[in-house]
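Q:
In this note's numbering, the protein residues as written are 3 to 281.
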């Protein structure tokens with residue numbers, strides 16, 4: 003079975019305790035969070051907050067996860083970038099461990115593949131010291147959006163706590179195929195983010211669409227029914243479905259997210275898994 007989660011991008015800055023309670027209300031198993039809200043768009047008028055700056059909020063979040071049974075599946079906000087020493091993330095990694103999360107998401111803003119691998123390796127070593135897992139998101143920001151360089155990154159880091167994060171929109175819109183996903187060793191995939199999207203761009207920039215306007219599973223054109231068939235067992239499948247247009251019309255977070263959860267659950271429950279001789 004795959005745990006079903008929701009990512010922070012769905013809720014545009016909702017405080018973490020409220021987000022955990024929402025996930026519990028929707029019957030989800032887990033949430034993906036950051037240590038502070040993403041800035042720039044707050045249609046629901048959430049108050050500002052910081053897990054870095056507030057020990058009280060960290061205690062409240064730990065209590066909320068314990069009482070609700072909704073765990074923190076991943077914490078975002080870790081990046082390899084030119085001129086930036088990833089060792090500066092030591093304090094944030096300590097907070098991830100304090101919160102009871104077991105995995106961080108990382109990206110690379112450096113187009114050099116070898117520097118990306120080196121940075122991820124250091125981050126994975128630091129995470130391992132704290133009992134944490136690291137999953138690098140295949141996306142448009144770094145040099146490993148395609149399968150071959152992504153697998154080269156996984157082999158180059160060569161740490162048992164390091165894996166790839168596959169976001170369905172990034173994976174297919176950047177040119178990868180369902181055949182490539184089916185051929186990937188399930189052991190290299192540590193986390194999956196699910197959404198739907200058209201095959202062709204709808205916005206002036208790719209990042210605007212990725213950050214603000216995605217679709218519920220089944221509402222777009224991505225080959226998601228085939229995609230979920232080849233998901234590794236036991237990994238988290240978390241929804242990353244920001245819907246700016248609905249938020250701007252006054253639809254609240256629960257109303258936006260609930261249909262996405264229902265669509266994802268139906269797709270996952272209805273999938274036909276790959277058999278030992280199929281695929």
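All C-beta atoms in this analysis are idealised placements derived from N, C-alpha and C, irrespective of residue type, glycine included.
Could you check where the alpha helix (DSSP H) with residue 208 kicks off and where it finishes?
A: Per DSSP, residue 208 belongs to the alpha helix (DSSP H) from 208–214.
Q: Output the boundary residues of the alpha helix (DSSP H) element that contains residue 230.
A: Note, residue 230: alpha helix (DSSP H), 226–231.
Q: According to DSSP, which residues form a beta bridge with residue 166?
A: Note: residue 166 sits in a beta bridge opposite 138, 191.
Q: Within the same chain, show all residues whose beta-carbon is closer than 6 Å to that of residue 278, passing over the 5 residues directly before and after it, in chain order.
A: Residue confidence is low: residue 278 scores 40 on pLDDT, short of 50, so the model does not pin down where it sits. Its coordinate-derived value is still stated next. Here the set comprises nothing.
Q: Buried or exposed: where does residue 188 fall if 16 or more other Cβ atoms within 10 Å of its Cβ makes it buried?
A: That one is exposed.
Q: Is residue 99 closer than 8 Å to residue 132 when the C-beta atoms are compared?
A: Cβ atoms of residue 132 and residue 99: closer than 8 Å.
Q: With distances taken between CB atoms, is the gap from residue 128 to residue 153 smaller than 8 Å?
A: No. Outside cutoff.
Q: Run through DSSP, which three-state label would residue 177 get?
A: Three-state result, residue 177: coil.
Q: What does the Cβ neighbour count give for residue 179, buried or exposed, with the cut at 16 atoms within 10 Å?
A: So residue 179 counts as exposed.
Q: List, from N- to C-terminal side, the alpha helix (DSSP H) runs of 4 residues or more that fit wholly inside the segment 30–94.
A: The segment 30–94 contains these whole alpha helix (DSSP H) runs: 57–70.
Q: Starting from residue 241, trace the beta strand (DSSP E) both ways and give me its first and last residue.
A: Unbroken beta strand (DSSP E) run through residue 241: 239–241.
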